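Sequence order for the protein chains is E and D.
Quick note on my numbering: the first sequence kicks off at 1 and runs consecutively.
Quick note on my numbering: the second sequence kicks off at 472 and runs consecutively.
All C-beta atoms in this analysis are idealised placements derived from N, C-alpha and C, irrespective of residue type, glycine included.
Quick caveat: nothing in here was measured; it's all calculated off a predicted structure.
Notes follow once the structure below has been shown.
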Amino acid sequence: MAGAVELSEILEHPEYMEPIPYKREIEIRGRLSRSIVEEISRAKKEPEWMLRLRLRALEAFEKLPTPKWIYGIESIDLEEITTYYVKPVEKPVEDWDKLPSEIRSIYEKLGLPEFYAKYLAGLSTVLDSETVYSSMKKVLEKLGVIMIPMEEAVKKYPDLVKKYFSRIYPLMEHKFSALHYALWSGGVFVYVPKNVKVPYPIEAFFYVGSELEGQFEHTLIVADEGSELTFIEGCSAPRFKKYSFHDGMVELYAHKNSRISFITVQNWSRNIVNFNNKRGITEENAYIEWLEGSIGSKYTVTYPSTILRGEGSGTSSIVVGIANGPYIKDTGSKVIHAAPNTRSRIISKSISSRGGVNIYRGMVQVNRGAKYSRSHVQCDSLILDEKSKAYTYPIIHVMDNTADVGHEATTGRINPEQLYYLQTRGLSEDQAKSLIVLGYIRDILRGLPLEYVAMLSRVIQLEFERIGGVG
Amino acid sequence: MLPLIVEDLSVAVDSKKILENIDLRVDHGELLVIMGPNGSGKTSLALTIMGHPSYRVLKGRIIIDGEDITDKSPDYRALKGLFLLFQNPVEIPGVNLKSLLRAALNKRMGKTDLTEPVPGLEEKLVAEAKMLGLSEEHLERDINVGFSGGEKKRSELLQAKILRPRYVIMDEPDSGLDVDGVRMVADIIRELISTGNAVVLITHYPRVLEYVEPSRVVVIHKGRIVATGGRELVDKINMEGYKWLGEVENGGSG
Ligand SMILES: Nc1ncnc2c1ncn2[C@@H]1O[C@H](COP(=O)(O)OP(=O)(O)OP(=O)(O)O)[C@@H](O)[C@H]1O
Ligand SMILES: [Mg+2]
Numbered sequence: 001m002a003g004a005v006e007l008s009e010i011l012e013h014p015e016y017m018e019p020i021p022y023k024r025e026i027e028i029r030g031r032l033s034r035s036i037v038e039e040i041s042r043a044k045k046e047p048e049w050m051l052r053l054r055l056r057a058l059e060a061f062e063k064l065p066t067p068k069w070i071y072g073i074e075s076i077d078l079e080e081i082t083t084y085y086v087k088p089v090e091k092p093v094e095d096w097d098k099l100p101s102e103i104r105s106i107y108e109k110l111g112l113p114e115f116y117a118k119y120l121a122g123l124s125t126v127l128d129s130e131t132v133y134s135s136m137k138k139v140l141e142k143l144g145v146i147m148i149p150m151e152e153a154v155k156k157y158p159d160l161v162k163k164y165f166s167r168i169y170p171l172m173e174h175k176f177s178a179l180h181y182a183l184w185s186g187g188v189f190v191y192v193p194k195n196v197k198v199p200y201p202i203e204a205f206f207y208v209g210s211e212l213e214g215q216f217e218h219t220l221i222v223a224d225e226g227s228e229l230t231f232i233e234g235c236s237a238p239r240f241k242k243y244s245f246h247d248g249m250v251e252l253y254a255h256k257n258s259r260i261s262f263i264t265v266q267n268w269s270r271n272i273v274n275f276n277n278k279r280g281i282t283e284e285n286a287y288i289e290w291l292e293g294s295i296g297s298k299y300t301v302t303y304p305s306t307i308l309r310g311e312g313s314g315t316s317s318i319v320v321g322i323a324n325g326p327y328i329k330d331t332g333s334k335v336i337h338a339a340p341n342t343r344s345r346i347i348s349k350s351i352s353s354r355g356g357v358n359i360y361r362g363m364v365q366v367n368r369g370a371k372y373s374r375s376h377v378q379c380d381s382l383i384l385d386e387k388s389k390a391y392t393y394p395i396i397h398v399m400d401n402t403a404d405v406g407h408e409a410t411t412g413r414i415n416p417e418q419l420y421y422l423q424t425r426g427l428s429e430d431q432a433k434s435l436i437v438l439g440y441i442r443d444i445l446r447g448l449p450l451e452y453v454a455m456l457s458r459v460i461q462l463e464f465e466r467i468g469g470v471g
Numbered sequence: 472m473l474p475l476i477v478e479d480l481s482v483a484v485d486s487k488k489i490l491e492n493i494d495l496r497v498d499h500g501e502l503l504v505i506m507g508p509n510g511s512g513k514t515s516l517a518l519t520i521m522g523h524p525s526y527r528v529l530k531g532r533i534i535i536d537g538e539d540i541t542d543k544s545p546d547y548r549a550l551k552g553l554f555l556l557f558q559n560p561v562e563i564p565g566v567n568l569k570s571l572l573r574a575a576l577n578k579r580m581g582k583t584d585l586t587e588p589v590p591g592l593e594e595k596l597v598a599e600a601k602m603l604g605l606s607e608e609h610l611e612r613d614i615n616v617g618f619s620g621g622e623k624k625r626s627e628l629l630q631a632k633i634l635r636p637r638y639v640i641m642d643e644p645d646s647g648l649d650v651d652g653v654r655m656v657a658d659i660i661r662e663l664i665s666t667g668n669a670v671v672l673i674t675h676y677p678r679v680l681e682y683v684e685p686s687r688v689v690v691i692h693k694g695r696i697v698a699t700g701g702r703e704l705v706d707k708i709n710m711e712g713y714k715w716l717g718e719v720e721n722g723g724s725g
């Protein structure tokens, strides 16, 4: 693939060794017309307010400057993206046996049930999950939890949705948030009523669409007072897509005393440019927990962020980036302490291998008056070979002198003696690497559902095995 | 079962020659003892047999189980039943004995997911660790990180016991061990040879050999085998040290 080759050349370029590796500007080709946006809205039979929001976003998109901090993307073609909306491509293959054998063998190795593998491979457009999930759905219904497609929610619960939609992640934030709001489609709306504690993690695998899609799914989760929810978005199994630009968004609103855990493990094919805009707001004594794992994609930009608005509220962000091959993971987290006695914790763990680059960018801000706020940032990089790199750009703004803010960073390298040692115990070099990687993130996996951890560790082993055929 | 054979082996690190014309043979049920002064090449030989990439074989062959493994990867050798107890095992942050042995056993069972639980392993590990003087806590700690000298040796021995290799090279398993530890090493060696395995023991001390009888003893000096014999060589080295090697060296030739 031409794109990947070019990227690896960039990575080997000596300029890249300089401290701030952002030079290129993104080129946006084509235009989004007002009529396309109107057409999307009409096709979705949206209420007027949503159309107006889309049009405002379109205006903002056109006015906002292209971010300079994006590195490694040559261009984004709006024509391609919008073509998808006007005429969605039919699903290409119908037959499991017609899938490339490589893809099939990976899903088989992962031990995925066939209905699930079919869905992941794009053979079916919806996860045929009635049998598996219907009992869970019933439990949710009984609890009064709303969990429906975002588009449906806009029509069915307009007042509820309106109260939060685009209020957490403003459309003016940057060019790609504006683009997202102009084109958003898909995603999930979740509302957890007061004092309802959802007893098990909810796994929501969203549909990525087919050829040339731009995926702009919008997920909004509202946890009402005293409620609790663990939400697992996406799935760690590899997803095979042709070219794609992803610009999704997640908004979380945690009311007083509530708690939201939002878990994502992304493993898309290596030509996807992935923007993931995630933000949450906590009210008094609420807690938002982000766990963001990025395995796939060519280039991922994601910084889950939380605004600690209510006194005594807190957040934790655990961000894991695996860049195995000529790919970039530009990840991190942002926290704004806007009330007294708030606390935050950011743990970033990156793994760079075979020329991969991880960039950590984080920001902790303690506003004036956010007394006795505490924040701790731990930023670890693991570098598996000489070709791979990790950069760390932490930003800390403390405007209240009672705050307690700490930052720690470590960089670990695997040396050949360690790989040799593990090989003498019977593991291949790649298996030795994945064992070290799994050990490195072990603590993070501890809180996740067991089957999820099992799947993830298979995925990581496969990741290092599959690409490591050469070495 | 077929022996471990090292045939006319010469080895270099970078451009430096460190082993020359080494010939060895260890049959199953045999204990070969290798002695020699510091820096004579014992560890280099062990690492070469175990396929360490820094040790370049200039000539000769290494054969186990009738197969020439001179060019094989370390993991291939391990799966053929070869095992090395390291003199100085490396620290591996993130990997503990439990996860390593689980992976190593899964690999031997042909599993692709090396993190799968292995039935019965947990209990077995705990029991064996206890016998080897390690606590359960050692099984969960990163391998060799903060381990004492003796604990490292014990962890190596534990791995050998769990993985059940058929050709075992022990590089100074007795160094740094207390009296009970040395006895334990001897017991393990005896058990290994009595169950038909081939054992190579590299050591500086005669003490471990008070409890187990060597089949043969070779002395390495400056990368060459300069003497071959039996227990009497051990006694001689114990009495006289290695001063006599100068004469042997002048008399010998490659
Ligand atoms: N990787 C290496 N790079 C450079 N020199 C090496 C390397 N490995 C071994 N040597 C050299 O080869 C010689 C033999 O070393 P080796 O470790 O094999 O000795 P040894 O017999 O095991 O000694 P000891 O009894 O102290 O353990 C030494 O001079 C050592 O410095
Ligand atoms: Mg040595």
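query, result
"Any non-hydrogen atom of ligand 1 closer than 7 Å to asparagine 509 of chain D Cβ", "yes"
"Test: threonine 586 of chain D CB closer than 8 Å to a CB of chain E", "yes"
"Ligand 2 site residues, beta-carbon cut 7 Å against heavy atoms", "D:Lys513, D:Thr514, D:Gln558, D:Asp642, D:Glu643, D:Ile673"
"Under 8 Å between C-beta atoms of leucine 229 of chain E and isoleucine 260 of chain E", "yes"
"CA nearest to the CA of aspartate 494 of chain D, picked from D:Phe557, D:Leu592, D:Val690, D:Ser619", "D:Val690"
"DSSP-derived helix/strand/coil call for aspartate 651 of chain D", "helix"
"Interface flag, glutamine 558 of chain D vs chain E, CB-CB below 8 Å", "no"
"contact_flag[the stretch 578-594 of chain D, the stretch 521-537 of chain D] where n(CB pairs < 8 Å) is 3 or more", "no"
"Neighbour flag for isoleucine 106 of chain E against chain D, beta carbons, 8 Å", "no"
"Beta-carbon proximity list for isoleucine 708 of chain D, same chain, < 8 Å, skipping 5 on both sides", "Met506, Pro677, Val690"
"Other residues of its chain near leucine 648 of chain D: CB distance less than 6 Å, five sequence neighbours each side excluded", "Gly621, Lys624"
"Leucine 445 of chain E to valine 453 of chain E span [Cα, whole Å]", "6 Å"
"Between the CA atoms of glycine 700 of chain D and lysine 714 of chain D - distance to the nearest angstrom", "17 Å"
"CB contact check: proline 427 of chain D to chain E, cutoff 8 Å", "Because chain D here runs from 472 to 725, residue 427 of chain D falls outside it and cannot be looked at."
"Distance cut-off 7 Å: valine 656 of chain D Cβ against heavy atoms of ligand 1", "no"
"Cβ neighbours of glutamate 203 of chain E in the same chain (closer than 7 Å, five flanking residues each side left out)", "Ile232"
"Proximity test, lysine 551 of chain D beta-carbon vs ligand 1 heavy atom, cut-off 7 Å", "no"
"Proximal residues to serine 129 of chain E (C-beta, below 6 Å), its chain only, five neighbours per side dropped", "Its pLDDT being 44, under 50, serine 129 of chain E is placed unreliably in this model, and the coordinates cannot settle the point."
"Cutoff 8 Å: leucine 448 of chain E Cβ touching any chain D Cβ", "no"
"Check: valine 484 of chain D C-beta below 7 Å from any heavy atom of ligand 1", "yes"
"Identified DSSP bridge partners for asparagine 274 of chain E", "E:His246, E:Thr300"
"Near ligand 1: serine 481 of chain D beta-carbon under 7 Å from a heavy atom", "no"
"Proximal residues of chain D, C-beta to C-beta of glutamine 431 of chain E below 9 Å", "Asp546, Ala574, Lys578, Leu585"
"Close-in-space but distant-in-sequence residues of the same chain around leucine 560 of chain D (CB under 8 Å, 5 per side omitted)", "It is worth fixing the name first, because residue 560 of chain D is proline in this sequence and not leucine. The residues are Ile614, Asn615, Lys623, Ser626, Glu627."
"Alpha-carbon to alpha-carbon, arginine 573 of chain D and glutamate 587 of chain D", "8 Å"
"Closer than 8 Å to chain E by CB, leucine 571 of chain D", "yes"
"Cut-off 6 Å between Cβ atoms - residues of its own chain near leucine 291 of chain E, not counting five sequence neighbours on either side", "Ile263, Ile318"
"Straight-line gap, glutamate 25 of chain E to valine 320 of chain E (C-alpha atoms, nearest Å)", "Unreliable placement is indicated for glutamate 25 of chain E, whose pLDDT of 45 sits below 50; no coordinate value is reported for it."
"Contact between the stretch 386-396 of chain E and the stretch 341-356 of chain E (3+ Cβ pairs under 8 Å)", "yes"
"Any non-hydrogen atom of ligand 1 within 7 Å of serine 350 of chain E CB", "no"
"Collapsed DSSP secondary structure at phenylalanine 554 of chain D in the structure displayed", "strand"
"Minimum Cβ-Cβ distance from arginine 413 of chain E to chain D less than 8 Å", "no"
"Buried or exposed by the 16-neighbour rule on C-beta atoms within 10 Å, applied to isoleucine 10 of chain E", "With a pLDDT of only 32 at isoleucine 10 of chain E, under 50, the local geometry of the prediction cannot be trusted, and the value read off the model is given with reservation. So isoleucine 10 of chain E ends up on the buried side."
"Closer than 7 Å: lysine 569 of chain D CB and nearest ligand 1 heavy atom", "no"
"Listed by chain order, chain B residues near lysine 109 of chain E by CB distance under 9 Å", "Of the protein chains in the structure, E and D, none is chain B."
"Residues near methionine 472 of chain D in its chain [Cβ-Cβ closer than 6 Å; skip 5 each side]", "His499"
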